[in-house]
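Notes follow the structure.
Given below as structure tokens:
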């Protein structure tokens, strides 16, 4: 069995708040036991910490991540060598809790007196990185056309670095202003701002698109596991036709070649977002489910 080492994280039923200083320990643990879903990276957890108040504990040598504020009885899947056994044991002892956003493959292995419910809106969309880099074939013809049209703006692709932070934050405000005032948008804007404020500390990778000396789009992501990269944020000024096909195409090209897949997270059950993500022809979806006592 791989060595378990989670210093400074208390044993359940005690909890501690997630902090930036927890990154090395949690990154190491996630590397040993990768859950395979976009939600469970230290970066994603930390950037949503202000809105969700994540809490950490150790239970039978597995890491637990609990939603501390909005859903205090909800946890992510246990991180460790035997998550299905831990889920069953933990719920048996603590039936008031439930596990959410659990990798569907893990959910299918669950047996016993537990209720498993799948949520299509939270499935991760996973693409062949090479498809998005090349945009080859008839199925990507429309995307290629948008990219060609966008080139008329004479865009410049740059590494996303801290000097561009404030411009990216201004772009986030433009993005949010063009949306219906939904609760998750506030959380998303705040999380993106935290990521922009901590590009180096979180060791994320991003690119920006400059038009006429101004950032008009950016994308940020990181390594998810040995074969997959995850894109956490992709924002653009839609007054420029083709900006989203272009930023995704360029982001895929910027990813190190060892990553076969690009995970672009969920559609949240939003019809327009689902249509957009499907239009890029995912290689597969990673289902997710919730597990609770019956």
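Residue numbers (the working numbering): 783 to 1076.
Glycine included, every Cβ here is placed at the ideal spot set by N, Cα and C.
Proximity winner among the options, relative to residue i (alpha-carbon distances)
{"i": "residue 865", "options": "850, 900, 841 and 848", "result": "841"}
{"i": "residue 1045", "options": "909, 943, 1017 and 882", "result": "909"}
{"i": "residue 994", "options": "962, 935 and 838", "result": "935"}
{"i": "residue 813", "options": "1047, 1008 and 1035", "result": "1008"}
{"i": "residue 981", "options": "970, 1004, 892 and 992", "result": "1004"}
{"i": "residue 952", "options": "971, 938 and 939", "result": "971"}
{"i": "residue 834", "options": "855, 1053 and 815", "result": "855"}
{"i": "residue 991", "options": "1030, 979 and 925", "result": "1030"}
{"i": "residue 802", "options": "924, 832, 843 and 794", "result": "832"}
{"i": "residue 948", "options": "938, 974 and 924", "result": "974"}
{"i": "residue 1061", "options": "805, 926 and 1032", "result": "926"}
{"i": "residue 1084", "options": "1032, 944, 1057 and 903", "result": "Since the first residue shown for the chain is 783 and the last is 1076, residue 1084 is missing from the structure and cannot be characterised."}
{"i": "residue 820", "options": "1039, 939, 904 and 874", "result": "904"}
{"i": "residue 875", "options": "1037, 892, 1043 and 794", "result": "794"}
{"i": "residue 940", "options": "1042, 790, 1036 and 815", "result": "1036"}
{"i": "residue 1049", "options": "843, 1059, 979 and 966", "result": "1059"}
{"i": "residue 1040", "options": "1057, 815, 1011 and 1055", "result": "1011"}
{"i": "residue 883", "options": "890, 958 and 901", "result": "901"}
Residue i - partner residues in DSSP beta bridges
{"i": "residue 990", "result": "940 and 1000"}
{"i": "residue 1017", "result": "1000"}
{"i": "residue 1005", "result": "1011"}
{"i": "residue 856", "result": "880"}
{"i": "residue 1075", "result": "896"}
{"i": "residue 1070", "result": "885"}
{"i": "residue 906", "result": "1068"}
{"i": "residue 844", "result": "841"}
{"i": "residue 1044", "result": "909 and 1011"}
{"i": "residue 861", "result": "845"}
{"i": "residue 798", "result": "838"}
{"i": "residue 793", "result": "840"}
Cβ neighbours of residue i in the same chain (closer than 7 Å, five flanking residues each side left out)
{"i": "residue 788", "result": "807, 811, 840 and 845"}
{"i": "residue 783", "result": "Any answer about residue 783 is weak, because its pLDDT of 45 lies below 50 and its placement is not dependable; what the coordinates show is given next. Excluding sequence neighbours, residue 783 sits near 863."}
{"i": "residue 797", "result": "837, 838, 839 and 848"}
{"i": "residue 852", "result": "834"}
{"i": "residue 968", "result": "none"}
{"i": "residue 888", "result": "859, 865 and 866"}
{"i": "residue 1034", "result": "911, 914, 915 and 1044"}
8 Å Cβ shell around residue i - same chain, five flanking residues per side excluded
{"i": "residue 894", "result": "870"}
{"i": "residue 977", "result": "825, 829, 984, 986, 1002, 1014 and 1015"}
{"i": "residue 847", "result": "800, 822, 827, 836, 837, 838, 857, 858 and 861"}
{"i": "residue 850", "result": "797, 799, 834, 835, 836 and 837"}
{"i": "residue 956", "result": "1019"}
{"i": "residue 791", "result": "798, 804, 807, 838, 839, 840 and 845"}
{"i": "residue 1006", "result": "816, 818, 820, 823, 1012 and 1045"}
Neighbourhood of residue i by C-beta distance below 6 Å, restricted to the same chain and skipping five residues each side
{"i": "residue 881", "result": "857, 859, 869 and 1073"}
{"i": "residue 1028", "result": "929 and 932"}
{"i": "residue 1063", "result": "921"}
{"i": "residue 1066", "result": "908"}
{"i": "residue 1055", "result": "1049"}
Supposed contact pair residue j and residue i - C-beta distance, whole angstroms, cut 8 Å
{"i": "residue 997", "j": "residue 946", "result": "5 Å"}
{"i": "residue 988", "j": "residue 942", "result": "3 Å"}
{"i": "residue 886", "j": "residue 1070", "result": "6 Å"}
{"i": "residue 906", "j": "residue 1052", "result": "Rounded, the Cβ-Cβ distance is 15 Å, inconsistent with contact."}
{"i": "residue 999", "j": "residue 877", "result": "Not quite, the Cβ-Cβ distance comes to about 47 Å (not below 8 Å), so this is no contact."}
Any non-hydrogen atom of the ligand HEM within 7 Å of residue i CB
{"i": "residue 865", "result": "Absent from the structure shown: the ligand HEM. Ligands present: none."}
C-beta neighbour in chain B for residue i, strict 8 Å
{"i": "residue 890", "result": "Absence of chain B from the displayed structure is noted, only one protein chain being present."}
| request: Could you tell me whether the region 884-903 touches the region 1017-1030, using the rule of 3 or more Cβ pairs below 8 Å? | output: Between the region 884-903 and the region 1017-1030 there are fewer than three C-beta pairs closer than 8 Å, too few to call the two in contact.
| field | Touching by the beta-carbon criterion (3+ pairs, under 8 Å), the region 911-928 and the region 960-967 | value | no
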